[in-house]
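Participant:
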Amino acid sequence: MPELNHRPVPPTLDPVVTRSNKRTTFKLLSAALLATATLGLGSPALAQDVKAKLGTSLPETHPQTIGARKFAELADKKSNGRIKISVYPGGQLGSDQQMQGGLRGGTLEFTVPSTATLANLVKEFGVIGLPFSFASEKQADAVLDGPFGQSLLAKLQEKDMVGLAFWENGFRNFTNSKRAIVKAEDLSGLKVRTMQNNLYIDLFNGLGANAVPMPVNELFTALETKAVDAQENPFTVVYAQKFYDVQKYLSVTGHAYDALVLVGSKKFWDGLKAEDRNILQAAALEATTFQRQTSRELNAKMRGELVKVGMQVNDVSDAERRRMREKLQPVIAKHQAAVGEDTAKAFFAAIAKAPE
Ligand code: EAX
600 MPELNHRPVP PTLDPVVTRS NKRTTFKLLS AALLATATLG LGSPALAQDV
650 KAKLGTSLPE THPQTIGARK FAELADKKSN GRIKISVYPG GQLGSDQQMQ
700 GGLRGGTLEF TVPSTATLAN LVKEFGVIGL PFSFASEKQA DAVLDGPFGQ
750 SLLAKLQEKD MVGLAFWENG FRNFTNSKRA IVKAEDLSGL KVRTMQNNLY
800 IDLFNGLGAN AVPMPVNELF TALETKAVDA QENPFTVVYA QKFYDVQKYL
850 SVTGHAYDAL VLVGSKKFWD GLKAEDRNIL QAAALEATTF QRQTSRELNA
900 KMRGELVKVG MQVNDVSDAE RRRMREKLQP VIAKHQAAVG EDTAKAFFAA
950 IAKAPE
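First residue of the sequence shown: 600, per this note's numbering; consecutive thereafter.
(1) Would A671 and V686 qualify as a contact pair, given that the criterion is a beta-carbon distance under 9 Å?
(2) Contact between the region 777–784 and the region 889–908 is defined here as three or more beta-carbon pairs at a separation below 8 Å; is this criterion met?
(3) For A830 and P662, which I take to be in contact (beta-carbon distance under 8 Å), what is that distance rounded to the nearest angstrom?
(4) Mind checking whether the beta-carbon of L859 lies closer than 8 Å to any heavy atom of the ligand EAX?
(5) Does the beta-carbon distance from V915 to Y843 come in below 9 Å?
(6) Whole-angstrom Cβ separation of L849 and N772, contact assumed at under 8 Å?
(7) Among residues of its own chain, excluding the 5 on either side of K722, which ones have a beta-carbon nearer than 8 Å to its beta-carbon?
(8) Rounded to the nearest angstrom, what separates Q699 and L786 at their Cα positions?
(9) Taking 9 Å as the cut-off, decide whether the C-beta atoms of L702 and G863 are in contact.
(10) Note the first and the last residue of the continuous beta strand (DSSP E) segment covering H661.
(11) Below 7 Å CB to CB, which residues in the same chain sit around A646 once its five sequence neighbours on both sides are set aside?
(12) Report yes if the C-beta of N768 is less than 8 Å from at least one heavy atom of the ligand EAX; otherwise report no.
(13) Take every Cβ of the region 865–878, pair it with every Cβ of the region 808–815, and state whether three or more of those distances are shorter than 8 Å.
(14) Residues in its own chain within less than 7 Å of G641 by CB, not counting five upstream and five downstream?
(15) By how many angstroms is the C-alpha of K926 removed from the C-alpha of I950?
(16) According to DSSP, is A948 helix, strand or coil?
(17) Between the alpha carbons of F733 and Y856, how many angstroms are there, rounded?
(18) Look at the alpha carbon of K825 and the alpha carbon of T774, and state the distance between them as a whole number of angstroms.
(19) Drop a sphere of 10 angstroms on the beta-carbon of S656, count the other beta-carbons inside from all chains shown, and report buried for 16 or more, exposed for fewer.
(20) Please determine, among N804, G805, L806, V827, the residue with the shortest C-alpha to C-alpha distance to V815.
(21) By DSSP, does S713 sit in helix, in strand, or in coil?
(22) Could you give the first and the last residue of the continuous beta strand (DSSP E) run that contains M760?
(23) Enumerate in chain order the residues of its own chain whose CB-to-CB distance from Q738 is below 7 Å, with the five nearest sequence positions on each side excluded.
(24) Enumerate in chain order the residues of its own chain whose CB-to-CB distance from L673 is below 7 Å, with the five nearest sequence positions on each side excluded.
(25) Beta-carbon within less than 7 Å of N832's beta-carbon, same chain only, minus the 5 sequence neighbours each way: which residues are those?
(26) Report the rounded CA-to-CA distance for E757 versus V912, giving the unit in angstroms.
(27) Going by C-alpha to C-alpha distance, which of T664, K669, N797, G689 sits closest to L818?
(28) Drop a sphere of 10 angstroms on the beta-carbon of N679, count the other beta-carbons inside from all chains shown, and report buried for 16 or more, exposed for fewer.
(29) If I measure Cβ to Cβ from D868 and keep anything under 7 Å in the same chain, skipping five residues before and after, which residues do I get?
(30) Jot down the residue ranges of each uninterrupted beta strand (DSSP E) in the region 906–934, minimum 3 residues, whole runs only, in chain order.
(31) Give me the Cα-Cα distance between L806 and R921, rounded to the nearest whole angstrom.
(32) Kindly give me the distance between the Cβ atoms of N719 and N796, rounded to whole angstroms, as I take these residues to be in contact under 8 Å.
(33) Just list the alpha helix (DSSP H) runs in the region 814–846, keeping only unbroken ones of 4 residues or longer that don't cross its boundaries, in chain order.
(34) Under the DSSP definition of a beta bridge, which residues are partnered with K683?
(35) Would you mind listing the beta strand (DSSP E) stretches within the region 853–887 that are 3+ residues and don't spill past its ends, in chain order?
(36) Note down, in chain order, each residue of its chain lying with its Cβ closer than 7 Å to the Cβ of S694, except the 5 sequence neighbours on either side.
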């Protein structure tokens with residue numbers, strides 16, 4: 600019979616010690632209750648501590664996780680330390696899709712996925728990733744914070760989630776290990792990793808590339824082993840994930856604006872006191888301003904940083920970007936129908952009204 604592991608067992612209190620402890624505890628509790636009653640304080644409902652986990656797919660240095668930590672800090676401060684949100688970055692708790700499953704199952708309380716993966720649960724989110732839709736971050740803010748964006752967040756309730764705010768990932772650009780992308784034809788034949796989203800798959804196949812969907816936390820290895828030649832993400836993701844170590848060329852297409860969503864578990868949310876929901880909503884609102892500002896500041900710096908670490912960066916001309924958009928019309932039409940023509944119409948109407 601193999602020896603059992605004899606781990607040290609903590610010393611248990613002997614009966615005499617435990618008995619006297621119980622008497623002391625009882626006396627203290629009685630004194631506290633008596634004091635409360637005497638002082639006429641009324642027995643305030645003991646505000647319970649709230650513990651929550653928040654998972655992100657990108658590293659500490661990316662605005663997705665920087666924003667998550669700000670959200671946790673604000674919730675702690677606004678609740679006088681009662682609401683403790685632990686942040687787990689870099690895909691520790693799974694991919695964006697897996698973490699969304701955790702929210703729905705009630706094993707995770709918050710995450711911040713791209714709208715592209717949320718679109719697999721609520722198809723209307725797919726409209727945000729339609730190529731070449733937003734002209735600027737300012738225009739994106741106006742649409743996402745306005746009635747249109749808020750109507751999308753409300754739809755998450757149907758999928759056991761609570762949409763708290765739109766955060767920013769940013770305009771997406773191509774990187775690859777083979778050649779500079781100057782015109783659409785340069786994409787031909789490249790194996791391009793895409794987010795796990797049918798629009799993105801059709802988008803890159805529509806441009807003549809071979810789309811390979813996978814979670815972002817598997818992407819570095821796929822690039823390193825040449826399982827894929829290319830990927831597309833904002834500068835901040837390229838830098839934070841160190842893709843510059845395995846990608847030579849960065850071609851600035853800005854082909855889609857990627858929004859993130861700070862999402863909560865409806866199971867968790869419905870179990871909170873109204874006071875705590877209000878605190879979390881206020882923390883989310885304040886963290887959103889901070890997250891977007893951080894994203895823009897870092898994105899503005901990252902292009903230069905990526906040149907410093909050896910990437911060859913080229914701009915793709917507006918004429919070529921318009922040409923790419925023309926080539927993608929069949930894909931855009933297909934996915935406008937997929938999200939629902941009414942949703943697509945409302946989206947483009949909101950864009951038309953939004954300042955650039
Ligand atoms: O959570 O997968 C990606 O390329 C995105 O940057 C990621 O979903 C952000």
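Glycine is no exception: its CB is placed at the ideal position from the N, C-alpha and C atoms.
All figures in this text were calculated on a predicted structure; none of them were measured in a lab.
Facilitator: Let me spell this out:
(1) By one-based count along the sequence shown, residue 671 stands at place 72. By one-based count along the sequence shown, residue 686 stands at place 87. In this structure, A671 lies near V686, with their beta-carbon atoms less than 9 Å apart.
(2) Taking 8 Å as the limit for Cβ pairs, the verdict is that the region 889–908 does not touch the region 777–784.
(3) The residue labelled residue 830 in the question sits at position 231 within the sequence shown. The residue labelled residue 662 in the question sits at position 63 within the sequence shown. The sequence shown places Gln at residue 830, rather than the Ala named in the question. In this structure Q830 does not touch P662 by the C-beta definition: roughly 18 Å separates them, more than the 8 Å allowed.
(4) Taking the sequence shown and counting its residues from 1, the one referred to as residue 859 is at position 260. Yes; taking the cut-off as 8 Å, the Cβ of L859 has a heavy atom of the ligand EAX nearer than that.
(5) Translated into the one-based positions of the sequence shown, residue 915 becomes position 316. Translated into the one-based positions of the sequence shown, residue 843 becomes position 244. Their beta carbons are not under 9 Å apart, which means V915 does not touch Y843 by this criterion.
(6) Here the question's residue 849 lines up with position 250 in the sequence shown. Here the question's residue 772 lines up with position 173 in the sequence shown. 6 Å between Cβ atoms; contact.
(7) Taking the first residue of the sequence shown as 1, we reach residue 722 at position 123. A937, V938, G939.
(8) The residue you call residue 699 lines up with position 100 of the sequence shown. The residue you call residue 786 lines up with position 187 of the sequence shown. In a straight line, the C-alpha of Q699 is about 32 Å away from that of L786.
(9) By 1-based counting over the sequence shown, the position of residue 702 is 103. By 1-based counting over the sequence shown, the position of residue 863 is 264. Cβ atoms of L702 and G863: closer than 9 Å.
(10) Working through the sequence shown from its first residue, we reach residue 661 at position 62. Here H661 belongs to no beta strand (DSSP E), and DSSP marks it neither H nor E.
(11) Working through the sequence shown from its first residue, we reach residue 646 at position 47. Non-local C-beta neighbours of A646 in its own chain, meaning closer than 7 Å and more than five positions away in sequence, comprise R681, ordered along the chain.
(12) Counting from one through the sequence shown, the residue named residue 768 turns up at place 169. Under cutoff, so the answer is yes.
(13) Taking a cut-off of 8 Å on C-beta distances, the region 865–878 does not touch the region 808–815, as fewer than three cross pairs fall below it.
(14) Against the sequence shown, residue 641 aligns to sequence position 42. Reliability of the predicted coordinates at G641 is poor, the pLDDT of 45 falling under 50, and the value obtained from them is presented with this limitation in mind. None.
(15) For the purposes of this step, residue 950 is taken as residue 351 along the sequence shown, with counting starting at 1. For the purposes of this step, residue 926 is taken as residue 327 along the sequence shown, with counting starting at 1. Each residue's Cα considered, the two are about 22 Å apart.
(16) As a working note, residue 948 is residue 349 in the sequence shown. Note: A948 maps to helix in three-state DSSP.
(17) As a working mapping, residue 733 is identified with position 134 in the sequence shown. As a working mapping, residue 856 is identified with position 257 in the sequence shown. Cα-Cα distance, rounded: 7 Å.
(18) On the sequence shown, residue 825 is found 226 positions in, with the first residue counted as 1. On the sequence shown, residue 774 is found 175 positions in, with the first residue counted as 1. Computed Cα separation, rounded: 13 Å.
(19) Here residue 656 refers to the residue found at position 57 when the sequence shown is read from its first residue. Result: buried.
(20) Here residue 815 is taken as the residue at index 216 of the sequence shown, counted from 1. Cα-wise, what sits closest to V815 is V827.
(21) Numbered from 1 along the sequence shown, position 114 holds the residue referred to as residue 713. Residue state, collapsed to three classes: strand.
(22) Working through the sequence shown from its first residue, we reach residue 760 at position 161. Judged by DSSP secondary structure, M760 falls within the beta strand (DSSP E) whose first and last residues are 760–775.
(23) For the purposes of this step, residue 738 is taken as the residue at position 139 of the sequence shown. Cβ neighbours of Q738 within its own chain (closer than 7 Å, five residues either side excluded): I950, A953, P954, E955.
(24) Reading the sequence shown from its first residue, position 74 is the one you call residue 673. If you ignore the 5 residues before and after L673, its C-beta comes within less than 7 Å of the C-beta of A882, E885, A886, all in its own chain and listed in chain order.
(25) For the purposes of this step, residue 832 is taken as residue 233 along the sequence shown, with counting starting at 1. Counting only Cβ-Cβ distances below 7 Å, and skipping sequence neighbours, we find R771.
(26) Taking the sequence shown and counting its residues from 1, one reaches residue 757 at position 158. Taking the sequence shown and counting its residues from 1, one reaches residue 912 at position 313. Each residue's Cα considered, the two are about 43 Å apart.
(27) Mapped onto the sequence shown, residue 818 falls at position 219. Checked all of T664, K669, N797, G689; the closest Cα to L818 is G689.
(28) In the sequence shown, residue 679 corresponds to position 80, counting from 1. Result: exposed.
(29) Here the question's residue 868 lines up with position 269 in the sequence shown. Asp is not the amino acid found at residue 868; the sequence shown has Trp there. Counting only Cβ-Cβ distances below 7 Å, and skipping sequence neighbours, we find V761, R876.
(30) Within the region 906–934, the runs of beta strand (DSSP E) that reach at least 3 residues and sit entirely inside it are, in chain order, 911–914.
(31) Stepping through the sequence shown from its first residue, residue 806 is reached at position 207. Stepping through the sequence shown from its first residue, residue 921 is reached at position 322. For L806 and R921, the distance between alpha carbons rounds to 13 Å.
(32) Counted from its first residue, the sequence shown places residue 719 at position 120. Counted from its first residue, the sequence shown places residue 796 at position 197. Sure, about 7 Å apart at Cβ, within 8 Å.
(33) Runs of the alpha helix (DSSP H) lying entirely within the region 814–846 and spanning at least 4 residues, in chain order: 818–823, 834–839.
(34) What you label residue 683 is simply residue 84 of the sequence shown in a count that begins at 1. Paired residue(s): K650.
(35) Whole beta strand (DSSP E) segments, 3+ residues: zero.
(36) Within the sequence shown, numbered from 1, the residue matching residue 694 stands at position 95. Cβ within range, chain order: S656, P814, N816.
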